[in-house]
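**Student:** Here's a structure for you.
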DNA sequence: TCTGGCAAGAATTTCGAAAATATTGCCGTT
DNA sequence: AACGGCAATATTTTCGAAATTCTTGCCAGA
C-alpha cells in the first residue's frame with residue numbers, strides 16, 4: 001500500500017527507492033551492467049530521471065560508474081563483506097554507547113515497543129520468520145531503536161547506509177541457508193543489557209553482527225568467493 | 237592547469253567537482269538556494285547535467301533537496317561541526333590504529349615524503365601557509381598518508397567525506413583568524429609517534445582534530461551560531 | 001481590516017531526440 | 001592463422017523545450 005504517490009514526492013526519488021530495493025534484493029545482480037534502455041522499460045521513466053537516481057546510488061556505493069562506460073551494480077566479495085562488518089561494528093558500538101548514555105524514558109519505551117512487535121510477528125511466523133519482508137522491517141526498526149538516541153546524525157546516517165549495504169549480503173545468503181541460529185534469545189539479551197545500561201551490551205551487539213556475517217559466509221560464501229568484475233550476466 | 241578535460245571524463249563529473257569546490261570554499265554560501273537558471277549560466281551546462289551533479293552532492297550531504305522545492309547548499313551550525321568532529325575522531329583513530337598495525341616500508345616512506353613536501357612549502361610560505369591552497373592540498377595528503385594503510389576502503393571513504401565536510405568550516409573560519417597555533421611541531425610529533433608505532437599517536441591525532449575545531453568555533457563561531465535555514469542570501 | 005482562494009508568474013522536474021563516445025565485427029595485410 | 005585498422009552498431013551522455021509543481025500577489029467576501 002505504499003505505492004501511492006505521496007505529495008511532494010518526485011518521480012526521481014520514487015525510482016531511486018525502487019532501484020535501491022531491487023539492488024538490495026538482488027533482483028539486479030551484483031556486477032550486472034545497468035543499461036538505460038532496459039531500465040527505461042522496467043521503471044517507465046526517461047533517461048535523465050534514471051541518470052539522477054543512478055548518480056545518487058553511486059554516491060551511496062550501491063552502483064559504480066566507470067567513466068563513460070555506464071553504470072554497474074556494485075560487485076560483492078568476501079573482502080567487502082568483512083570490511084563492511086568491521087565498519088558496522090565500529091559504528092554500532094559507538095552509537096549504542098552514546099545512546100545508552102543519553103537515552104531517556106521515551107527511548108526505552110520505544111525499544112520495548114519495537115522488540116514486542118518483532119517478537120510477536122516472529123512467534124506468529126514460526127521458523128520462517130527470516131524470509132519474511134515484514135519481519136525484516138521490524139528487525140531493522142528494533143536495531144535502530146537501540147541506537148537512535150546517540151544524538152549524532154552523522155554517525156546514525158553512516159550506520160544506516162552500512163546496514164543497508166550489509167542487508168544485500170544477508171539477503172543473498174538466505175536462500176541457501178538450511179538452519180538459523182535462534183535470534184530471539186540474542187535480541188532479548190541485547191535489549192535487557194541495553195536497558196540496564198550494562199557495558200557488556202556493546203560486546204553483545206558486536207558478536208551479534210559478527211556471527212551473522214560468519215553465517216552468511218558459511219552458507220553463501222561460494223556465491224562471491226571468486227567474484228570477478230562483470231562476472232554476473234545481465235538478464236537477457 | 238587541471239582544466240584540461242581528461243579522457244574518459246564526463247562533463248557531469250567535471251561540474252560535480254567544480255560545484256563541490258565552490259561549496260567547500262563557500263563561494264556558494266551555506267543555506268543558499270541553488271537556482272538552476274543561475275547555475276546553468278555559471279557552469280555552462282544543461283539542466284539535466286546539473287541535476288545529476290546536485291543529486292550526487294545531495295547523497296554526500298553537501299546539498300539538501302527538499303521535495304519538489306529544489307536544492308540548497310547544506311547549512312552549517314555548531315551542532316553539525318561538533319557532530320562532524322566527533323565522527324572524524326572515531327574514524328581517524330580507527331584508520332590510524334589499523335594503519336600502524338599493518339603499514340609496511342612503503343607506507344612509512346610515503347609518510348616521510350608527504351611530510352617533507354608539506355614542511356618545505358610551509359617554510360617557504362612563512363606565516364601565511366594557512367591561506368595557501370597548495371599547502372592545504374599537501375596537508376590533506378599528509379594526513380591521508382598516515383591512515384591509508386588501514387586496508388579498509390569503507391572506513392577510508394567515510395573518513396574522506398567527513399574530512400571534506402569539515403574543510404568547509406576550516407575555510408570559513410580562516411578569514412577571521414588573527415593567529416594560528418604552530419602546527420608544524422604538532423605534525424612532526426604525530427608523524428614520529430606513528431612511525432614509532434606508539435599508541436599515544438591516536439591521542440595526538442585526536443587532540444589535533446579537536447583543537448582545530450575549537451579554534452574554528454573561537455574565531456568563526458559567530459558565523460553559524462544562530463544559523464537559520466535560508467538565512468544566507470543568494471548572490472543577486 | 002483580515003482571511004481565503006484563485007490566477008499569473010517563477011521555478012523545478014521530466015521528457016525524448018540529437019550528439020558524443022565506446023564496442024563490435026569485418027576485411028585486408030603480413 | 002594472427003594482427004591492426006576501419007566502418008557499423010550499440011550505448012551513453014548532453015541538451016533545451018514542454019509539462020508539472022510551487023510561489024506570489026491580488027481581489028472578493030466577511
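Residue numbers (the numbering used here), protein chains in the order written: chain V, 1 to 236; chain Y, 237 to 472. Yeah, the Cβ is synthetic: ideal placement off N, Cα and C, and Gly gets one too.
1) Which residues bound the beta strand (DSSP E) around residue 10/V?
2) Any beta carbon from chain V within less than 8 Å of residue 467/Y's own beta carbon?
3) Can you give me the start and stop residues for the alpha helix (DSSP H) that residue 71/V sits inside?
4) Give me the DSSP bridge partner(s) of residue 299/Y.
5) For residue 98/V versus residue 140/V, is the C-beta spacing smaller than 8 Å?
6) Does the Cβ of residue 187/V have 16 or more other Cβ atoms within 10 Å, making it buried, or fewer, making it exposed?
7) At the level of alpha carbons, what is the spacing between residue 318/Y and residue 50/V?
8) Taking 8 Å as the threshold (C-beta atoms), are residue 293/Y and residue 255/Y in contact?
9) Please confirm if residue 51/V has its CB atom under 8 Å from at least one CB of chain Y.
10) Using a Cβ cut-off of 7 Å, pull out every chain Y residue sitting near residue 154/V, in sequence order please.
11) Starting from residue 313/Y, find everything on chain V with Cβ-Cβ shorter than 8 Å and list it in chain order.
12) So if I threshold CB-CB distances at 8 Å, which residues from the segment 200-221 of chain V count as touching chain Y?
13) Any beta carbon from chain Y within less than 8 Å of residue 25/V's own beta carbon?
14) Enumerated in chain order, which unbroken segments of the alpha helix (DSSP H) with a length of 4 residues or greater are wholly contained in the segment 410-464 of chain Y?
15) With a cut-off of 8 Å, does the C-beta of residue 298/Y fall near any C-beta of chain V?
16) Closer than 8 Å by C-beta to residue 108/V: which residues in its own chain qualify, once you throw out the five before and the five after it? Chain order, please.
17) According to the neighbour-count rule (16 or more other Cβ atoms, all chains shown, within 10 Å of its Cβ), is residue 421/Y buried or exposed?
18) Between 80/V, 29/V, 77/V and 55/V, which lies nearest to residue 12/V when the distance is taken from Cα to Cα?
19) Given a cut-off of 8 Å on the beta-carbon distance, is the pair residue 73/V and residue 31/V in contact?
20) Using the rule of at least 16 other Cβ atoms within 10 Å of the residue's Cβ for burial, across every protein chain shown, is residue 162/V buried or exposed?
21) Can you tell me where the alpha helix (DSSP H) holding residue 359/Y begins and where it ends?
22) Hey, does residue 275/Y have any beta-carbon neighbour from chain V nearer than 8 Å?
23) To the nearest angstrom, how far is the alpha carbon of residue 92/V from that of residue 362/Y?
24) Nearest-angstrom Cα distance between residue 219/V and residue 436/Y?
25) Going by other Cβ atoms of all chains shown within 10 Å of its Cβ, with 16 needed for buried, is residue 47/V buried or exposed?
26) In whole angstroms, what separates the C-alpha of residue 42/V from that of residue 171/V?
27) Where does residue 337/Y fall in DSSP's three states?
28) Taking the beta carbon of residue 459/Y as the centre, do at least 16 other beta carbons fall within 10 Å, making it buried, or is it exposed?
29) Can you have a look at residue 443/Y and say buried or exposed, based on whether 16 or more other CB atoms are within 10 angstroms of its CB?
30) Taking 8 Å as the CB-CB cut-off, is residue 11/V touching chain Y?
31) Just verifying my parser: in three-state terms, what is the DSSP assignment at residue 264/Y?
32) By Cβ distance below 7 Å, which residues in the same chain neighbour residue 425/Y in space, the five residues on each side in sequence not counted?
33) Using beta-carbon positions only, say whether residue 209/V and residue 64/V come within less than 8 Å of one another.
34) Alpha helix (DSSP H) containing residue 131/V: first to last residue?
35) State the Cα-Cα distance for the pair residue 100/V and residue 106/V, rounded to the nearest angstrom.
36) Looking only at C-alpha atoms, which of 225/V, 62/V, 67/V and 52/V sits nearest to residue 173/V?
**Tutor:** In this structure, then:
1) Your numbering for residue 10/V matches position 10 in the first chain. Here residue 10/V belongs to no beta strand (DSSP E), and DSSP marks it neither H nor E.
2) Within the second chain, numbered from 1, the residue matching residue 467/Y stands at position 231. Since pLDDT at residue 467/Y reaches only 37, below the 50 mark, its modelled position is unreliable, and no value is offered.
3) As a position in the first chain, residue 71/V is number 71, starting the count at 1. Residue 71/V -> not in any alpha helix (DSSP H); beta strand (DSSP E) instead, spanning 71-73.
4) The residue you call residue 299/Y lines up with position 63 of the second chain. DSSP lists 309/Y as partners of residue 299/Y.
5) Here residue 98/V corresponds to residue number 98 of the first chain, with the count starting at 1. Here residue 140/V corresponds to residue number 140 of the first chain, with the count starting at 1. Cβ distance not < 8 Å, so residue 98/V and residue 140/V don't count as in contact.
6) Position 187 of the first chain, counting from 1, holds the residue named residue 187/V. The residue is buried, with at least 16 neighbouring Cβ atoms inside 10 Å.
7) Indexing the second chain from 1 puts residue 318/Y at position 82. Indexing the first chain from 1 puts residue 50/V at position 50. So the two alpha carbons sit approximately 36 Å from each other.
8) Numbered from its first residue, the second chain carries residue 255/Y at position 19. Numbered from its first residue, the second chain carries residue 293/Y at position 57. Yes; because the gap between Cβ atoms is below 8 Å, this pair is in contact.
9) As a first step, residue 51/V must be located in the first chain, where it is residue number 51. It does: the Cβ of residue 51/V has a partner Cβ on chain Y nearer than 8 Å.
10) Sequence index remark: in the first chain, residue 154/V carries index 154 (1-based). Those are 319, 320 and 323, listed as they occur along chain Y.
11) In the second chain, the residue the question calls residue 313/Y occupies position 77. Per Cβ cutoff of 8 Å: no residues; residue 313/Y is ~11 Å from chain V at best.
12) none
13) As a working mapping, residue 25/V is identified with position 25 in the first chain. Chain Y contact via Cβ: absent.
14) 419-431 and 436-456
15) For the purposes of this step, residue 298/Y is taken as residue 62 along the second chain, with counting starting at 1. It does not: the Cβ of residue 298/Y has no partner Cβ on chain V nearer than 8 Å.
16) Position 108 of the first chain, counted from the start, is the residue given in the question as residue 108/V. Contacts found: 195.
17) Counted from its first residue, the second chain places residue 421/Y at position 185. So residue 421/Y ends up on the exposed side.
18) Taking the first chain and counting its residues from 1, the one referred to as residue 12/V is at position 12. Selected option, being the one with the closest Cα: 55/V.
19) As a position in the first chain, residue 73/V is number 73, starting the count at 1. As a position in the first chain, residue 31/V is number 31, starting the count at 1. Yes, Cβ-Cβ distance for residue 73/V and residue 31/V is below 8 Å.
20) Against the first chain, residue 162/V aligns to sequence position 162. Its Cβ being crowded by 16 or more others within 10 Å, residue 162/V is buried.
21) Start at 1 with the first residue of the second chain, and residue 359/Y comes out as number 123. 341-361 is the extent of the alpha helix (DSSP H) around residue 359/Y.
22) Counted from its first residue, the second chain places residue 275/Y at position 39. No, residue 275/Y lies away from the interface with chain V (no Cβ there is under 8 Å from its Cβ).
23) Within the first chain, numbered from 1, the residue matching residue 92/V stands at position 92. Within the second chain, numbered from 1, the residue matching residue 362/Y stands at position 126. Looking at the two C-alpha atoms, the distance is approximately 44 Å.
24) Position 219 of the first chain holds residue 219/V. Position 200 of the second chain holds residue 436/Y. Near 41 Å, if we compare the C-alpha coordinates of residue 436/Y and residue 219/V.
25) On the first chain, residue 47/V is found 47 positions in, with the first residue counted as 1. Flag for residue 47/V reads exposed.
26) The residue labelled residue 42/V in the question sits at position 42 within the first chain. The residue labelled residue 171/V in the question sits at position 171 within the first chain. About 22 Å.
27) In the second chain, counting from the first residue as 1, residue 337/Y sits at position 101. Helix at residue 337/Y.
28) The residue given as residue 459/Y occupies position 223 in the second chain. Under this definition residue 459/Y is a buried residue.
29) As a position in the second chain, residue 443/Y is number 207, starting the count at 1. Residue 443/Y should be labelled exposed.
30) Within the first chain, the letter at position 11 stands for residue 11/V. No, because no Cβ of chain Y sits closer than 8 Å to the Cβ of residue 11/V.
31) By one-based count along the second chain, residue 264/Y stands at place 28. It is coil, neither helix nor strand.
32) Translated into the one-based positions of the second chain, residue 425/Y becomes position 189. Counting only Cβ-Cβ distances below 7 Å, and skipping sequence neighbours, we find 440.
33) For this step, residue 209/V is matched to residue 209 along the first chain. For this step, residue 64/V is matched to residue 64 along the first chain. It is not a contact, given that the beta carbons lie outside the stated cut-off.
34) Within the first chain, the letter at position 131 stands for residue 131/V. Run containing residue 131/V: none; DSSP gives neither H nor E here.
35) Locating residue 100/V in the first chain gives position 100, counting from the first residue. Locating residue 106/V in the first chain gives position 106, counting from the first residue. When rounded, the distance between both Cα atoms is 13 Å.
36) Against the first chain, residue 173/V aligns to sequence position 173. Residue 173/V has its Cα closest to that of 225/V, out of 225/V, 62/V, 67/V and 52/V.
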